[in-house]
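Quick notes on the structure that follows.
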Amino acid sequence: MSADVSRRDLAKLAGLAALGAAAGARAADNKAADNETPAPADRHAPALFPKDFLWGTATSSYQIEGAIDEDGRGKSIWDIFSHTPGKIEDGSTGDRANEHYHRYKDDVALIRALGVKAYRFSIAWPRVFPDGSGQPNPKGLDFYNRLVDELLANGIEPYATLYHWDLPQALQDRVGGWQSSDTSQAFADYSAYVAARLTDRVKTIFTVNEVGRFVNFGYGWGIDAPGLKLPLQQLNQARHHVALAHGLAVQAIRASGRAGTRVGAAENIAACVPAIATPENIRAAEIATRELNAGFLGVVLEGKYTDGFLAYAGADAPKFTPDELKIIGTPNDFVGLNIYAPQYYVTASDRASGFRVLPFPTSFPHMNSEWLRVGPEVIYWAPRLAAKIWNIETIYISENGTSSEDKISADGQVYDLDRIMFLRNYLTQMQRAIAEGVPIRGYFLWSLMDNFEWIYGYGKRFGLYRVDFETQARVPKLSAAFYRDVVMRNAIGV
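Here the sequence shown is numbered in the numbering used here, starting from -8 and rising by one per residue.
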(Lines of atoms letter the chains of each structure in order from A and count residues from 1; the text may use other names and numbers.)
(Lines give C-alpha, C1' and ligand atoms only; values in the text may rest on other atoms or scores of the structure.)
Protein backbone atom coordinates (compact mmCIF):
# COMPACT_ATOMS: atom_id res chain seq x y z
CA MET A 1 0.00 0.00 0.00
CA SER A 2 1.34 3.42 -0.86
CA ALA A 3 2.30 5.98 1.75
CA ASP A 4 -0.34 8.38 0.39
CA VAL A 5 -3.10 5.83 0.84
CA SER A 6 -1.86 5.13 4.34
CA ARG A 7 -1.96 8.77 5.40
CA ARG A 8 -5.34 9.32 3.76
CA ASP A 9 -6.90 6.35 5.52
CA LEU A 10 -5.31 7.31 8.81
CA ALA A 11 -6.62 10.84 8.41
CA LYS A 12 -10.09 9.45 7.79
CA LEU A 13 -9.98 7.57 11.08
CA ALA A 14 -8.55 10.60 12.86
CA GLY A 15 -11.38 12.66 11.36
CA LEU A 16 -13.94 10.36 12.92
CA ALA A 17 -12.27 10.81 16.29
CA ALA A 18 -12.15 14.56 15.82
CA LEU A 19 -15.82 14.61 14.85
CA GLY A 20 -16.69 12.84 18.07
CA ALA A 21 -14.50 15.22 20.04
CA ALA A 22 -16.17 18.24 18.42
CA ALA A 23 -19.62 16.92 19.20
CA GLY A 24 -18.58 16.35 22.79
CA ALA A 25 -17.15 19.85 22.99
CA ARG A 26 -20.39 21.41 21.71
CA ALA A 27 -22.38 19.43 24.25
CA ALA A 28 -20.03 20.54 27.01
CA ASP A 29 -20.33 24.18 25.89
CA ASN A 30 -24.13 24.02 25.98
CA LYS A 31 -24.09 22.43 29.40
CA ALA A 32 -21.66 25.04 30.74
CA ALA A 33 -23.87 27.83 29.42
CA ASP A 34 -26.78 26.48 31.45
CA ASN A 35 -24.72 25.99 34.56
CA GLU A 36 -23.85 28.93 36.77
CA THR A 37 -20.96 27.08 38.46
CA PRO A 38 -18.96 25.30 35.75
CA ALA A 39 -16.48 22.60 36.76
CA PRO A 40 -12.87 23.67 37.37
CA ALA A 41 -10.93 24.06 34.13
CA ASP A 42 -8.32 21.43 35.05
CA ARG A 43 -10.73 18.81 36.31
CA HIS A 44 -10.08 16.58 33.30
CA ALA A 45 -6.65 17.82 32.36
CA PRO A 46 -4.70 15.38 30.17
CA ALA A 47 -1.93 13.29 31.71
CA LEU A 48 1.18 14.70 30.08
CA PHE A 49 4.39 12.81 29.34
CA PRO A 50 7.87 14.37 29.58
CA LYS A 51 8.84 16.56 26.62
CA ASP A 52 11.63 14.20 25.59
CA PHE A 53 9.56 11.02 25.99
CA LEU A 54 10.22 8.56 23.15
CA TRP A 55 7.23 7.08 21.31
CA GLY A 56 7.79 4.14 18.99
CA THR A 57 6.51 0.89 17.60
CA ALA A 58 8.10 -2.51 17.06
CA THR A 59 8.34 -5.69 14.95
CA SER A 60 10.69 -8.65 14.59
CA SER A 61 12.49 -10.15 11.61
CA TYR A 62 10.96 -13.62 11.23
CA GLN A 63 7.46 -12.31 11.90
CA ILE A 64 7.43 -9.82 9.00
CA GLU A 65 10.34 -10.17 6.58
CA GLY A 66 9.59 -13.22 4.45
CA ALA A 67 12.21 -13.75 1.71
CA ILE A 68 13.62 -16.71 3.61
CA ASP A 69 15.70 -18.00 0.67
CA GLU A 70 16.94 -14.70 -0.74
CA ASP A 71 20.38 -13.08 -0.74
CA GLY A 72 22.14 -15.93 1.01
CA ARG A 73 20.01 -16.16 4.16
CA GLY A 74 20.49 -19.39 6.07
CA LYS A 75 17.75 -21.39 7.76
CA SER A 76 16.58 -20.49 11.25
CA ILE A 77 15.09 -22.78 13.85
CA TRP A 78 11.69 -21.19 13.13
CA ASP A 79 11.94 -22.11 9.44
CA ILE A 80 12.30 -25.75 10.40
CA PHE A 81 9.85 -25.66 13.30
CA SER A 82 7.04 -23.91 11.41
CA HIS A 83 7.28 -26.47 8.61
CA THR A 84 6.83 -29.31 11.09
CA PRO A 85 3.20 -30.52 10.94
CA GLY A 86 1.13 -29.69 14.01
CA LYS A 87 3.44 -27.03 15.45
CA ILE A 88 1.59 -23.93 14.19
CA GLU A 89 -2.14 -23.63 14.93
CA ASP A 90 -3.22 -22.63 11.42
CA GLY A 91 -0.52 -24.62 9.62
CA SER A 92 1.15 -21.48 8.31
CA THR A 93 4.80 -20.43 8.17
CA GLY A 94 6.79 -17.22 8.03
CA ASP A 95 8.04 -17.97 4.51
CA ARG A 96 6.20 -14.97 3.08
CA ALA A 97 4.85 -13.18 6.16
CA ASN A 98 4.44 -9.44 5.42
CA GLU A 99 6.99 -9.35 2.59
CA HIS A 100 8.69 -6.58 4.53
CA TYR A 101 12.00 -7.49 2.92
CA HIS A 102 10.67 -6.02 -0.31
CA ARG A 103 8.07 -3.60 1.09
CA TYR A 104 10.15 -1.93 3.77
CA LYS A 105 9.90 1.53 2.23
CA ASP A 106 6.11 1.43 2.30
CA ASP A 107 6.23 0.11 5.85
CA VAL A 108 8.51 2.94 6.95
CA ALA A 109 5.90 5.31 5.53
CA LEU A 110 3.33 3.62 7.79
CA ILE A 111 5.57 4.28 10.79
CA ARG A 112 5.98 7.89 9.79
CA ALA A 113 2.20 8.29 9.47
CA LEU A 114 1.87 7.43 13.15
CA GLY A 115 4.07 10.37 14.12
CA VAL A 116 6.43 8.25 16.22
CA LYS A 117 10.13 9.01 16.33
CA ALA A 118 11.50 5.51 16.96
CA TYR A 119 11.19 2.03 15.48
CA ARG A 120 12.42 -1.15 17.11
CA PHE A 121 13.19 -3.94 14.64
CA SER A 122 15.26 -7.09 14.86
CA ILE A 123 18.09 -8.34 12.69
CA ALA A 124 17.92 -11.92 11.45
CA TRP A 125 21.10 -13.63 12.62
CA PRO A 126 20.93 -16.25 9.80
CA ARG A 127 20.82 -13.47 7.18
CA VAL A 128 24.14 -12.13 8.44
CA PHE A 129 25.80 -15.44 9.38
CA PRO A 130 23.98 -18.22 7.48
CA ASP A 131 25.92 -20.90 9.37
CA GLY A 132 25.68 -19.07 12.69
CA SER A 133 29.40 -18.33 12.76
CA GLY A 134 32.37 -18.24 10.43
CA GLN A 135 31.97 -16.40 7.15
CA PRO A 136 29.53 -13.44 7.20
CA ASN A 137 27.07 -12.71 4.40
CA PRO A 138 27.39 -9.04 3.43
CA LYS A 139 24.18 -9.17 1.37
CA GLY A 140 22.28 -10.10 4.50
CA LEU A 141 23.44 -7.01 6.33
CA ASP A 142 22.84 -4.85 3.26
CA PHE A 143 19.10 -5.10 3.85
CA TYR A 144 19.43 -3.60 7.33
CA ASN A 145 21.69 -0.86 5.99
CA ARG A 146 18.92 0.08 3.56
CA LEU A 147 16.26 -0.10 6.27
CA VAL A 148 18.26 2.07 8.68
CA ASP A 149 18.90 4.67 5.98
CA GLU A 150 15.21 4.76 5.07
CA LEU A 151 14.21 5.21 8.71
CA LEU A 152 16.65 8.07 9.22
CA ALA A 153 15.54 9.73 5.99
CA ASN A 154 12.03 9.78 7.45
CA GLY A 155 13.06 11.20 10.81
CA ILE A 156 12.73 7.87 12.64
CA GLU A 157 15.42 6.67 15.05
CA PRO A 158 16.37 2.99 14.53
CA TYR A 159 16.49 0.75 17.62
CA ALA A 160 17.94 -2.63 16.65
CA THR A 161 17.46 -5.98 18.38
CA LEU A 162 20.09 -8.60 17.61
CA TYR A 163 18.14 -11.71 18.61
CA HIS A 164 14.39 -12.14 18.43
CA TRP A 165 14.26 -15.95 18.44
CA ASP A 166 15.45 -16.81 14.89
CA LEU A 167 18.57 -18.77 15.84
CA PRO A 168 20.55 -20.13 12.88
CA GLN A 169 19.52 -23.76 12.45
CA ALA A 170 23.14 -24.61 11.73
CA LEU A 171 24.06 -23.75 15.35
CA GLN A 172 21.19 -25.84 16.65
CA ASP A 173 22.33 -28.79 14.56
CA ARG A 174 26.04 -28.36 15.28
CA VAL A 175 26.18 -27.64 19.03
CA GLY A 176 22.60 -27.79 20.31
CA GLY A 177 21.93 -24.06 20.08
CA TRP A 178 21.66 -22.43 23.48
CA GLN A 179 22.63 -25.71 25.16
CA SER A 180 26.22 -24.81 24.38
CA SER A 181 28.39 -21.85 25.33
CA ASP A 182 29.74 -22.06 21.78
CA THR A 183 26.52 -20.33 20.78
CA SER A 184 27.21 -17.61 23.35
CA GLN A 185 30.55 -16.87 21.69
CA ALA A 186 29.05 -17.07 18.21
CA PHE A 187 26.46 -14.49 19.26
CA ALA A 188 29.20 -12.18 20.53
CA ASP A 189 31.03 -12.46 17.19
CA TYR A 190 27.84 -11.71 15.27
CA SER A 191 27.13 -8.75 17.58
CA ALA A 192 30.60 -7.33 16.99
CA TYR A 193 30.22 -7.64 13.22
CA VAL A 194 26.88 -5.84 13.19
CA ALA A 195 28.02 -3.15 15.63
CA ALA A 196 31.06 -2.31 13.53
CA ARG A 197 28.85 -1.70 10.50
CA LEU A 198 25.67 -0.14 11.88
CA THR A 199 26.52 1.92 14.95
CA ASP A 200 27.52 4.91 12.87
CA ARG A 201 23.72 5.30 12.51
CA VAL A 202 22.14 2.95 15.07
CA LYS A 203 22.78 4.40 18.51
CA THR A 204 20.80 1.91 20.62
CA ILE A 205 20.98 -1.89 20.49
CA PHE A 206 18.95 -4.52 22.32
CA THR A 207 20.90 -7.76 22.53
CA VAL A 208 18.25 -10.44 23.18
CA ASN A 209 14.47 -10.35 23.39
CA GLU A 210 12.33 -12.24 25.92
CA VAL A 211 14.70 -14.84 27.27
CA GLY A 212 11.98 -16.00 29.62
CA ARG A 213 9.85 -16.94 26.63
CA PHE A 214 12.23 -18.48 24.11
CA VAL A 215 14.17 -20.54 26.65
CA ASN A 216 11.20 -21.96 28.55
CA PHE A 217 8.93 -22.44 25.54
CA GLY A 218 11.63 -23.61 23.15
CA TYR A 219 13.93 -25.68 25.34
CA GLY A 220 11.75 -26.59 28.31
CA TRP A 221 8.19 -27.19 27.15
CA GLY A 222 8.62 -27.93 23.46
CA ILE A 223 6.02 -25.33 22.44
CA ASP A 224 8.29 -22.99 20.46
CA ALA A 225 11.30 -23.65 18.24
CA PRO A 226 13.39 -25.75 18.48
CA GLY A 227 10.73 -27.81 20.25
CA LEU A 228 12.85 -29.43 22.98
CA LYS A 229 11.83 -30.65 26.44
CA LEU A 230 15.07 -30.62 28.36
CA PRO A 231 15.52 -31.74 31.97
CA LEU A 232 15.50 -28.81 34.40
CA GLN A 233 19.27 -28.64 34.88
CA GLN A 234 19.88 -28.50 31.15
CA LEU A 235 17.15 -25.88 30.79
CA ASN A 236 18.76 -23.70 33.45
CA GLN A 237 22.12 -24.21 31.77
CA ALA A 238 20.70 -23.06 28.43
CA ARG A 239 19.33 -19.92 30.12
CA HIS A 240 22.75 -19.31 31.65
CA HIS A 241 24.32 -19.53 28.19
CA VAL A 242 21.89 -16.87 26.96
CA ALA A 243 22.85 -14.62 29.88
CA LEU A 244 26.49 -15.21 29.05
CA ALA A 245 25.78 -14.39 25.39
CA HIS A 246 24.22 -11.10 26.48
CA GLY A 247 27.23 -10.14 28.59
CA LEU A 248 29.68 -11.08 25.85
CA ALA A 249 27.61 -9.13 23.31
CA VAL A 250 27.58 -6.00 25.47
CA GLN A 251 31.36 -6.15 25.63
CA ALA A 252 31.70 -6.91 21.91
CA ILE A 253 29.43 -4.03 20.89
CA ARG A 254 31.36 -1.58 23.04
CA ALA A 255 34.65 -2.84 21.61
CA SER A 256 33.58 -2.84 17.95
CA GLY A 257 30.89 -0.17 17.76
CA ARG A 258 31.03 3.62 17.82
CA ALA A 259 31.68 5.24 21.18
CA GLY A 260 28.45 6.10 22.95
CA THR A 261 26.44 3.20 21.54
CA ARG A 262 23.89 2.20 24.17
CA VAL A 263 23.29 -1.47 24.92
CA GLY A 264 20.77 -3.44 26.97
CA ALA A 265 18.34 -6.36 26.81
CA ALA A 266 14.57 -6.60 26.41
CA GLU A 267 12.97 -9.04 28.82
CA ASN A 268 9.41 -10.16 29.44
CA ILE A 269 9.73 -9.55 33.14
CA ALA A 270 7.84 -11.93 35.43
CA ALA A 271 5.50 -9.15 36.51
CA CYS A 272 4.36 -9.27 40.12
CA VAL A 273 1.57 -7.00 41.34
CA PRO A 274 0.54 -6.49 44.98
CA ALA A 275 -3.04 -7.76 45.19
CA ILE A 276 -3.81 -4.93 47.62
CA ALA A 277 -1.32 -2.08 47.80
CA THR A 278 -0.43 -2.25 51.47
CA PRO A 279 3.20 -1.70 52.52
CA GLU A 280 3.49 -5.39 53.39
CA ASN A 281 2.13 -6.56 50.05
CA ILE A 282 4.26 -4.08 48.11
CA ARG A 283 7.34 -5.45 49.86
CA ALA A 284 6.17 -8.99 49.02
CA ALA A 285 5.81 -8.03 45.35
CA GLU A 286 9.33 -6.62 45.43
CA ILE A 287 10.73 -9.86 46.83
CA ALA A 288 8.75 -11.91 44.31
CA THR A 289 9.94 -9.76 41.40
CA ARG A 290 13.58 -10.26 42.35
CA GLU A 291 13.32 -14.01 42.93
CA LEU A 292 11.09 -14.88 39.97
CA ASN A 293 13.40 -13.00 37.59
CA ALA A 294 16.65 -14.27 39.05
CA GLY A 295 17.37 -16.66 36.16
CA PHE A 296 18.08 -13.89 33.65
CA LEU A 297 17.20 -10.31 34.53
CA GLY A 298 18.51 -10.67 38.06
CA VAL A 299 21.86 -12.22 37.20
CA VAL A 300 22.40 -9.69 34.39
CA LEU A 301 21.74 -6.71 36.67
CA GLU A 302 23.35 -8.09 39.83
CA GLY A 303 26.19 -10.21 38.43
CA LYS A 304 25.09 -13.13 40.58
CA TYR A 305 22.25 -15.56 41.07
CA THR A 306 20.19 -14.96 44.19
CA ASP A 307 20.60 -17.35 47.12
CA GLY A 308 16.91 -18.14 46.82
CA PHE A 309 17.22 -19.11 43.16
CA LEU A 310 20.21 -21.38 43.79
CA ALA A 311 18.61 -23.00 46.83
CA TYR A 312 15.35 -23.63 44.97
CA ALA A 313 17.15 -25.06 41.93
CA GLY A 314 19.44 -27.22 44.05
CA ALA A 315 21.15 -29.86 41.92
CA ASP A 316 19.40 -28.39 38.87
CA ALA A 317 21.16 -25.02 39.18
CA PRO A 318 23.31 -23.97 36.23
CA LYS A 319 27.04 -24.56 36.40
CA PHE A 320 29.08 -21.37 36.12
CA THR A 321 32.41 -19.77 36.94
CA PRO A 322 33.17 -16.46 38.69
CA ASP A 323 34.56 -15.15 35.39
CA GLU A 324 31.29 -15.93 33.63
CA LEU A 325 29.31 -14.05 36.26
CA LYS A 326 31.61 -11.09 35.83
CA ILE A 327 30.93 -11.08 32.08
CA ILE A 328 27.18 -11.52 32.57
CA GLY A 329 27.16 -8.61 35.02
CA THR A 330 28.76 -6.16 32.58
CA PRO A 331 26.84 -2.90 33.17
CA ASN A 332 23.93 -2.10 30.84
CA ASP A 333 22.93 1.33 29.60
CA PHE A 334 19.22 0.63 29.92
CA VAL A 335 16.70 -2.14 30.54
CA GLY A 336 13.85 -2.99 28.17
CA LEU A 337 10.73 -4.44 29.76
CA ASN A 338 8.11 -6.21 27.63
CA ILE A 339 4.89 -5.84 29.61
CA TYR A 340 1.53 -7.24 28.61
CA ALA A 341 -0.27 -8.92 31.47
CA PRO A 342 0.19 -9.37 35.21
CA GLN A 343 1.72 -12.80 35.67
CA TYR A 344 1.34 -12.91 39.43
CA TYR A 345 -0.75 -11.15 42.05
CA VAL A 346 0.95 -11.56 45.40
CA THR A 347 0.41 -10.92 49.08
CA ALA A 348 2.76 -10.98 52.05
CA SER A 349 3.36 -14.34 53.65
CA ASP A 350 5.01 -15.83 56.73
CA ARG A 351 6.53 -18.58 54.62
CA ALA A 352 10.26 -18.48 53.91
CA SER A 353 9.88 -16.88 50.48
CA GLY A 354 8.13 -13.85 52.00
CA PHE A 355 5.32 -13.84 49.44
CA ARG A 356 2.31 -15.83 48.35
CA VAL A 357 1.08 -16.09 44.74
CA LEU A 358 -2.70 -15.93 44.44
CA PRO A 359 -4.64 -18.06 41.93
CA PHE A 360 -6.46 -16.36 39.06
CA PRO A 361 -10.21 -16.92 39.04
CA THR A 362 -11.65 -18.24 35.79
CA SER A 363 -13.65 -15.02 35.50
CA PHE A 364 -10.53 -12.84 35.34
CA PRO A 365 -10.84 -10.66 32.19
CA HIS A 366 -8.59 -11.26 29.20
CA MET A 367 -8.22 -9.98 25.68
CA ASN A 368 -8.55 -11.81 22.37
CA SER A 369 -5.53 -13.92 23.39
CA GLU A 370 -6.48 -15.89 26.49
CA TRP A 371 -3.04 -15.52 28.06
CA LEU A 372 -3.34 -11.73 27.86
CA ARG A 373 -5.11 -10.96 31.11
CA VAL A 374 -6.19 -7.36 31.49
CA GLY A 375 -4.37 -5.71 34.38
CA PRO A 376 -3.30 -2.17 33.44
CA GLU A 377 -1.66 -1.64 36.83
CA VAL A 378 1.09 -4.07 35.78
CA ILE A 379 2.74 -1.40 33.64
CA TYR A 380 2.90 0.77 36.77
CA TRP A 381 4.15 -1.85 39.22
CA ALA A 382 6.63 -3.81 37.10
CA PRO A 383 8.84 -0.81 36.17
CA ARG A 384 8.46 0.73 39.63
CA LEU A 385 9.61 -2.43 41.39
CA ALA A 386 12.37 -3.20 38.86
CA ALA A 387 13.80 0.31 39.14
CA LYS A 388 13.94 0.04 42.92
CA ILE A 389 15.35 -3.49 43.11
CA TRP A 390 18.12 -3.00 40.56
CA ASN A 391 18.61 0.78 40.73
CA ILE A 392 17.82 1.17 37.02
CA GLU A 393 18.20 4.66 35.61
CA THR A 394 16.67 4.12 32.16
CA ILE A 395 13.75 1.84 31.33
CA TYR A 396 12.07 1.37 27.98
CA ILE A 397 8.74 -0.37 27.68
CA SER A 398 10.10 -2.36 24.76
CA GLU A 399 6.79 -4.10 24.02
CA ASN A 400 3.18 -3.53 25.03
CA GLY A 401 -0.02 -4.09 23.10
CA THR A 402 -2.80 -6.57 22.51
CA SER A 403 -4.43 -8.79 19.95
CA SER A 404 -7.98 -8.08 18.83
CA GLU A 405 -10.58 -9.63 16.53
CA ASP A 406 -9.94 -6.85 14.00
CA LYS A 407 -12.73 -7.61 11.56
CA ILE A 408 -13.25 -5.24 8.65
CA SER A 409 -16.57 -3.39 8.86
CA ALA A 410 -18.90 -2.77 5.94
CA ASP A 411 -17.28 0.62 5.38
CA GLY A 412 -13.85 -0.98 5.05
CA GLN A 413 -12.56 0.21 8.43
CA VAL A 414 -11.39 -1.71 11.50
CA TYR A 415 -12.95 -0.39 14.72
CA ASP A 416 -10.76 -2.09 17.32
CA LEU A 417 -12.34 -0.42 20.33
CA ASP A 418 -11.09 -3.11 22.68
CA ARG A 419 -7.47 -2.37 21.72
CA ILE A 420 -8.07 1.34 22.29
CA MET A 421 -9.56 0.56 25.70
CA PHE A 422 -6.52 -1.57 26.52
CA LEU A 423 -4.01 1.05 25.40
CA ARG A 424 -5.81 3.94 27.09
CA ASN A 425 -5.78 2.17 30.44
CA TYR A 426 -2.21 0.87 30.18
CA LEU A 427 -0.82 4.21 29.04
CA THR A 428 -2.61 5.94 31.89
CA GLN A 429 -0.90 3.63 34.38
CA MET A 430 2.45 4.14 32.66
CA GLN A 431 2.05 7.91 32.92
CA ARG A 432 1.24 7.47 36.60
CA ALA A 433 4.55 5.66 37.10
CA ILE A 434 6.50 8.35 35.24
CA ALA A 435 4.80 11.12 37.24
CA GLU A 436 5.97 9.38 40.42
CA GLY A 437 9.57 9.29 39.23
CA VAL A 438 9.89 5.82 37.69
CA PRO A 439 12.56 6.25 34.95
CA ILE A 440 10.54 5.12 31.93
CA ARG A 441 12.07 6.99 28.98
CA GLY A 442 10.21 5.48 26.04
CA TYR A 443 7.44 3.16 24.84
CA PHE A 444 7.36 0.80 21.83
CA LEU A 445 3.88 -0.37 20.93
CA TRP A 446 3.61 -3.95 19.73
CA SER A 447 3.04 -4.09 16.91
CA LEU A 448 3.30 -1.86 13.88
CA MET A 449 1.23 -4.31 11.84
CA ASP A 450 -0.31 -7.76 12.01
CA ASN A 451 2.27 -10.48 11.43
CA PHE A 452 3.19 -14.13 11.89
CA GLU A 453 2.38 -14.59 15.56
CA TRP A 454 4.59 -17.63 16.24
CA ILE A 455 2.63 -20.74 17.26
CA TYR A 456 -0.66 -18.98 16.49
CA GLY A 457 0.33 -18.35 12.88
CA TYR A 458 -1.74 -15.52 11.45
CA GLY A 459 -4.68 -16.12 13.78
CA LYS A 460 -3.78 -13.44 16.32
CA ARG A 461 -3.54 -9.84 15.19
CA PHE A 462 -1.51 -7.35 17.26
CA GLY A 463 -0.95 -4.60 14.71
CA LEU A 464 -2.00 -0.98 14.42
CA TYR A 465 -2.33 -1.77 10.71
CA ARG A 466 -4.44 -4.70 9.55
CA VAL A 467 -2.67 -6.85 6.96
CA ASP A 468 -4.39 -8.92 4.29
CA PHE A 469 -1.82 -11.69 3.95
CA GLU A 470 -3.09 -12.64 0.50
CA THR A 471 -2.86 -9.18 -1.09
CA GLN A 472 -0.41 -7.65 1.44
CA ALA A 473 -2.65 -4.58 1.72
CA ARG A 474 -2.18 -2.63 4.96
CA VAL A 475 -5.20 -0.83 6.45
CA PRO A 476 -4.90 1.43 9.51
CA LYS A 477 -7.16 0.42 12.38
CA LEU A 478 -8.92 2.95 14.58
CA SER A 479 -6.21 2.30 17.18
CA ALA A 480 -3.67 3.77 14.75
CA ALA A 481 -5.54 7.10 14.90
CA PHE A 482 -5.76 6.78 18.69
CA TYR A 483 -2.02 6.17 19.05
CA ARG A 484 -1.17 8.97 16.66
CA ASP A 485 -3.28 11.33 18.75
CA VAL A 486 -1.47 10.29 21.93
CA VAL A 487 1.91 10.77 20.24
CA MET A 488 1.01 14.14 18.73
CA ARG A 489 -0.30 15.52 22.05
CA ASN A 490 2.29 13.65 24.14
CA ALA A 491 -0.55 13.02 26.54
CA ILE A 492 -3.27 10.55 27.46
CA GLY A 493 -6.76 11.81 28.23
CA VAL A 494 -8.56 14.97 27.27
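Just so you know, even glycine gets a beta-carbon here, dropped at the ideal spot from N, CA and C.
Beta-carbon proximity check, residue 57 vs residue 86, cutoff 8 Å
At the C-beta level, residue 57 and residue 86 come within 8 Å of one another.
Tell me which residue opens and which closes the alpha helix (DSSP H) that residue 418 is part of.
Taken as a continuous stretch (DSSP letters only), the alpha helix (DSSP H) holding residue 418 covers 408 to 426.
8 Å Cβ cutoff met for residue 318 and residue 255:
In this structure, residue 318 lies away from residue 255, with their beta-carbon atoms at least 8 Å apart.
What does the alpha-carbon distance come out to for the pair residue 340 and residue 264?
Distance between the alpha carbons of residue 340 and residue 264 is about 14 Å.
Residue 229, DSSP secondary structure in three states:
Correct three-state label for residue 229: helix.
Please go through the same chain and pick out, in chain order, the residues whose beta-carbon is closer than 8 Å to the beta-carbon of residue 308, but skip the five residues on each side of it.
Within the same chain, residue 308 has close Cβ partners 224, 227, 296, 300 and 301.
Closest residue to residue 71 among 144, 156 and 133 (Cα-Cα distance):
Closest in alpha carbon position to residue 71, among 144, 156 and 133, is 156.
Taking buried to mean at least 16 other C-beta atoms within 10 Å of its own C-beta, is residue 403 buried or exposed?
Per the 10 Å Cβ criterion, exposed.
In three-state terms, what does DSSP make of residue 446?
Secondary structure of residue 446 (DSSP, three-state): helix.
Going by beta carbon distance, what residues of the same chain come within less than 8 Å of residue 136, once the five residues before and after it are set aside?
Closer than 8 Å at Cβ, skipping near neighbours: 188 and 189.
Pop quiz: residue 486 and residue 235 are said to be a contact at Cβ under 8 Å. What is the actual Cβ separation, rounded to whole angstroms?
What is shown of the chain runs -8 to 485, which leaves residue 486 out entirely.
CB-CB length for residue 433 against residue 109, believed under 8 Å
In this structure residue 433 touches residue 109 by the C-beta definition: roughly 7 Å separates them, less than 8 Å.
Taking 7 Å as the limit between beta carbons, can you name the residues of its chain near residue 38, skipping five residues before and five after?
Spatial neighbours of residue 38 in its own chain (CB-CB distance under 7 Å, excluding positions within 5 residues in sequence) are listed in chain order as 419, 422, 482, 483 and 484.
Tell me which residues share the same chain as residue 430 and place their Cβ nearer than 7 Å to its Cβ, disregarding the 5 neighbours each side in the sequence.
A distance below 7 Å between beta-carbons, with the five flanking residues on each side excluded, links residue 430 to the following residues of its chain, in chain order: 378, 383, 384, 385 and 386.
How would you label residue 352, buried or exposed, when you count the other beta carbons within 10 angstroms and need 16 or more for buried?
The residue is exposed, with fewer than 16 neighbouring Cβ atoms inside 10 Å.
Compare the Cα-Cα distances from residue 208 to each of 390, 219, 465 and 162 and report the closest residue.
Out of 390, 219, 465 and 162, 219 has the C-alpha closest to the C-alpha of residue 208.
Can you tell me whether residue 329 is helix, strand or coil according to DSSP?
Of the three classes helix, strand and coil, the one that applies to residue 329 here is strand, per DSSP.
Using a Cβ distance threshold of 8 Å, determine whether the region 267 to 277 contacts the region 390 to 409, with at least three qualifying pairs required.
They do not touch, by the three-pair rule.
Residue 395 (DSSP reduced to helix, strand or coil):
The answer is strand: DSSP assigns residue 395 an E or B state.
Classification of residue 354 by the beta-carbon crowding that lies within 10 angstroms, buried from 16 upward
Exposed: under 16 other Cβ atoms inside 10 Å.
When you compare the region 114 to 124 with the region 174 to 182, are there three or more beta-carbon pairs, one atom per stretch, that lie closer than 8 Å?
Taking 8 Å as the limit for Cβ pairs, the verdict is that the region 174 to 182 does touch the region 114 to 124.
Who does residue 483 pair with in a DSSP beta bridge?
Per DSSP, the beta-bridge partners of residue 483 are 38.
Secondary structure of residue 270, DSSP reduced to three states:
Three-state result, residue 270: helix.
Counterpart residues of residue 48 in DSSP-defined beta bridges
110 and 436.
Count the other C-beta atoms from every protein chain shown that fall within 10 angstroms of the C-beta of residue 230, then say buried if there are 16 or more, exposed otherwise.
By the 10 Å Cβ count, residue 230 comes out buried.
Measuring CA to CA, which of 170, 435, 471 and 324 is closest to residue 456?
Nearest option by C-alpha distance: 471.
For residue 282, which option in 442, 468, 480 and 381 has the closest C-alpha, if you only look at C-alpha atoms?
It is 381.
Pick from 151, 244 and 141: whose alpha carbon is nearest that of residue 176?
Of 151, 244 and 141, the residue nearest in Cα terms is 244.
Given a cut-off of 8 Å on the beta-carbon distance, is the pair residue 83 and residue 448 in contact?
Result yes, Cβ atoms of residue 83 and residue 448 sit closer than 8 Å.
Quick one: give me the first and last residue of the beta strand (DSSP E) that residue 177 is part of.
Counting along the chain, residue 177 falls outside any beta strand (DSSP E), though it belongs to the alpha helix (DSSP H) covering 172 to 189.
Among 328, 216, 286 and 322, which one has its Cα closest to the Cα of residue 311?
Shortest Cα-Cα distance from residue 311 to any of 328, 216, 286 and 322 involves 286.
Any idea if residue 250 is buried or exposed, counting beta-carbon neighbours within 10 angstroms, 16 or more meaning buried?
With fewer than 16 other Cβ atoms within 10 Å, it is exposed.
What does a CB cutoff of less than 6 Å around residue 269 pick up in its chain, not counting 5 residues either side in sequence?
Take residue 269, set aside five residues on each side of it, and no residue of its chain has a beta-carbon closer than 6 Å to its own.
Using a Cβ-Cβ cut-off of 8 Å (strictly less than) and excluding sequence neighbours within five positions of residue 252, which residues of its own chain qualify?
Once the five neighbours on either side are set aside, the close Cβ partners of residue 252 are 186, 190, 193, 194, 195, 196, 244 and 245.
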